[in-house]
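*Asks:*
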Amino acid sequence: MPIPTALDGTAASAQPSVSPRVAIVTGGSRGIGRRTVGRLAADGYAVVVGYAGNRDEAEAAVKEAVAGGGRAVAVRADVADEHAVAALFDTAEAEFGGVDVVVHAAGRMHLAPIAELDLAVLDDLHRTNIRGTFVVVQQAARRVRPGGAIVTFSTSVVGLAFPGYGAYAAGKGAVEALTLILARELRGRDVTANAVAPGPTATDLFLDGKDEETIARLAAQPPLERLGTPADIAEVVAFLAAPAGHWINGQVVRANGGII
Ligand SMILES: NC(=O)c1ccc[n+]([C@@H]2O[C@H](COP(=O)([O-])OP(=O)(O)OC[C@H]3O[C@@H](n4cnc5c(N)ncnc54)[C@H](OP(=O)(O)O)[C@@H]3O)[C@@H](O)[C@H]2O)c1
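For reference, each letter of the sequence shown is one residue, going 74 to 333 in the working numbering.
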């Protein structure tokens, strides 16, 4: 390998190796989080892939990142379990030296009219989607290094108000409020906090339990006349996570092809 030289022709002194930025992606085993793992790994991040139970998919996400030349490790952690989430962050610090970006993509959905929703289901859903977000961003607020970014997930349904989405949208409204307050609480830390609010996106969460007619109807709704893809959303996340996106702070980014 040629010895690097400075512009004046003298031998350049060896540059200290620059540590890669480190990202934690909850929900990294499937869907939007899975695609975000690959996208951030391609950008040079070392990635910790969080998952709930799908170990094979999480390991596959790690393999994809490593095959692309990146570094990654999978860690099982229920996002609502503060001890498991603290251990997830500990792993990032022990394996890769710190945390720069937290993408909290883990989430669940349950659809039912408000009049019919089983309240035990409501509590369970909110445990993952509200408590889980609180637990993850609490650790992120304590540990993300200056220059870093925190990205949570809401949904465009908070604005679209589709019938049947009451429990889910209520939880995501809480995520939006929490994220915007977090951005302000991080004053002086040089860390951003934003929520991405996708519209209908082709993942298990959206597709499971819907018939073809419903999927086609929702796909036709945005002016761009298709469903979002995990890649569409991963691009937005990668921008918010990167230094180039750092001036975007305390925002809800509705990434939905223009659906209203
Ligand atoms: N798809 C859409 O149309 C859409 C639209 C708007 C917003 N969103 C939001 O975008 C985010 C990603 O959704 P997605 O569509 O990619 O979902 P998905 O394909 O169903 O994947 C969900 C991911 O979350 C993980 N997860 C679920 N519960 C968890 C828990 N308690 N602890 C830790 N991990 C947990 C799953 O892990 P396992 O694989 O281990 O189960 C999986 O990796 C969610 O917050 C969702 O609400 C999605």
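Beta carbons are placed, not taken as given, at the ideal position from N, Cα and C, and that holds for glycine.
Taking only the alpha-carbon atoms, compute the straight-line gap between residue 93 and residue 318 and give it to the nearest angstrom.
*Replies:* Here residue 93 refers to the residue found at position 20 when the sequence shown is read from its first residue. Here residue 318 refers to the residue found at position 245 when the sequence shown is read from its first residue. Between residue 93 and residue 318, the C-alpha separation is close to 18 angstroms.
*Asks:* Please state whether the Cβ-Cβ distance between residue 147 and residue 172 is less than 7 angstroms.
*Replies:* Mapped onto the sequence shown, residue 147 falls at position 74. Mapped onto the sequence shown, residue 172 falls at position 99. Against a cut-off of 7 angstroms, the Cβ pair of residue 172 and residue 147 comes out as no contact.
*Asks:* Should the segment 251-267 be regarded as contacting the segment 290-299, the criterion being three or more beta carbon pairs within less than 8 angstroms?
*Replies:* Cβ pair count under 8 angstroms is below three, so no.
*Asks:* Pick out the complete beta strand (DSSP E) segments inside the segment 283-332, 3 residues or longer, and give them in chain order.
*Replies:* Here the runs fully enclosed are 325-328.
*Asks:* Using a Cβ-Cβ cut-off of 7 angstroms (strictly less than) and excluding sequence neighbours within five positions of residue 212, which residues of its own chain qualify?
*Replies:* Against the sequence shown, residue 212 aligns to sequence position 139. Excluding residues within five positions, the ones whose Cβ falls inside 7 angstroms are 158, 159, 162.
*Asks:* Is it buried or exposed, residue 177, if we count other Cβ atoms within 10 angstroms and call 16 or more buried?
*Replies:* Sequence index remark: in the sequence shown, residue 177 carries index 104 (1-based). When all chains shown are included, residue 177 counts as buried.
*Asks:* What's the C-alpha gap between residue 125 and residue 152?
*Replies:* Your numbering for residue 125 matches position 52 in the sequence shown. Your numbering for residue 152 matches position 79 in the sequence shown. In a straight line, the C-alpha of residue 125 is about 8 angstroms away from that of residue 152.
*Asks:* Determine the direct distance from the alpha carbon of residue 271 to that of residue 280, and round the result to whole angstroms.
*Replies:* Walking along the sequence shown from the start, residue 280 turns up at place 207. Walking along the sequence shown from the start, residue 271 turns up at place 198. If you take the alpha carbons of residue 280 and residue 271, they lie about 14 angstroms apart.
*Asks:* In the DSSP assignment, find the alpha helix (DSSP H) that holds residue 201 and state where it starts and stops.
*Replies:* For the purposes of this step, residue 201 is identified with residue 128 of the sequence shown, where counting begins at 1. Neither: residue 201 is in no alpha helix (DSSP H) and is coded neither H nor E.
*Asks:* Excluding five sequence neighbours on each side, which residues of the same chain lie with their C-beta closer than 7 angstroms to the C-beta of residue 236?
*Replies:* If you number the sequence shown from 1, residue 236 lands on position 163. Excluding residues within five positions, the ones whose Cβ falls inside 7 angstroms are 186.
*Asks:* Quick check on residue 140: buried or exposed, where buried means 16 or more other Cβ atoms within 10 Å of its Cβ?
*Replies:* Numbered from its first residue, the sequence shown carries residue 140 at position 67. So residue 140 counts as exposed.
*Asks:* Would you mind reading off the limits of the beta strand (DSSP E) that contains residue 144?
*Replies:* Within the sequence shown, residue 144 is the residue found at index 71, counting from 1. 144-149 is the span of the beta strand (DSSP E), which, as asked, contains residue 144.
*Asks:* Would a C-beta distance cut-off of 7 angstroms place residue 119 and residue 95 closer than the cut-off?
*Replies:* Mapped onto the sequence shown, residue 119 falls at position 46. Mapped onto the sequence shown, residue 95 falls at position 22. Their beta carbons are under 7 angstroms apart, which means residue 119 touches residue 95 by this criterion.
*Asks:* If you follow the beta strand (DSSP E) that residue 73 is part of, which residue opens it and which one closes it?
*Replies:* Any answer about residue 73 is impossible in this case: the structure gives the chain only from 74 up to 333.
*Asks:* Could you give the first and the last residue of the continuous alpha helix (DSSP H) run that contains residue 274?
*Replies:* Against the sequence shown, residue 274 aligns to sequence position 201. Where residue 274 is concerned, there is no enclosing alpha helix (DSSP H), given that its DSSP letter is neither H nor E.
*Asks:* By how many angstroms is the C-alpha of residue 170 removed from the C-alpha of residue 278?
*Replies:* Counted from its first residue, the sequence shown places residue 278 at position 205. Counted from its first residue, the sequence shown places residue 170 at position 97. Looking at the two C-alpha atoms, the distance is approximately 33 angstroms.
*Asks:* In this structure, does DSSP put residue 153 in helix, strand or coil?
*Replies:* Taking the first residue of the sequence shown as position 1, residue 153 is located at position 80. Correct three-state label for residue 153: coil.
*Asks:* Can you check which of these residues, 209, 202, 298, 208, is closest to residue 227 by C-alpha distance?
*Replies:* Counting from 1 along the sequence shown, the entry for residue 227 is found at position 154. Of 209, 202, 298, 208, the residue nearest in Cα terms is 202.
*Asks:* Expressed to the nearest angstrom, what Euclidean distance is found between the alpha-carbon atoms of residue 304 and residue 109?
*Replies:* For the purposes of this step, residue 304 is taken as residue 231 along the sequence shown, with counting starting at 1. For the purposes of this step, residue 109 is taken as residue 36 along the sequence shown, with counting starting at 1. Each residue's Cα considered, the two are about 8 angstroms apart.
*Asks:* Nearer than 6 angstroms: is that true of the beta carbon of residue 124 relative to any heavy atom of ligand 1?
*Replies:* For the purposes of this step, residue 124 is identified with residue 51 of the sequence shown, where counting begins at 1. Residue 124: yes, Cβ under 6 angstroms from ligand 1.
*Asks:* For the alpha helix (DSSP H) holding residue 115, just list the boundary residues, first then last.
*Replies:* Numbered from 1 along the sequence shown, position 42 holds the residue referred to as residue 115. It spans 104-115 - the alpha helix (DSSP H) in which residue 115 sits, taken as one unbroken run.
*Asks:* Where does residue 223 sit, in a helix, a strand or coil, going by DSSP?
*Replies:* What you label residue 223 is simply residue 150 of the sequence shown in a count that begins at 1. Looking at residue 223 - three-state DSSP - the assignment turns out to be strand.
*Asks:* Take residue 106 and list the residues in its own chain whose beta-carbon comes closer than 6 angstroms to its own, dropping the five residues that flank it on each side.
*Replies:* Locating residue 106 in the sequence shown gives position 33, where the first residue counts as 1. Only 98, 100, 178 meet the Cβ criterion.
*Asks:* Between which two residues does the beta strand (DSSP E) holding residue 337 run?
*Replies:* The requested residue 337 is not part of the displayed model; the chain covers only 74 to 333.
*Asks:* Do residue 328 and residue 174 come within 7 angstroms of each other at the CB atom, strictly closer than that value?
*Replies:* Residue numbering aside, residue 174 sits at position 101 when the sequence shown is read from its first letter. Residue numbering aside, residue 328 sits at position 255 when the sequence shown is read from its first letter. Contact: no.
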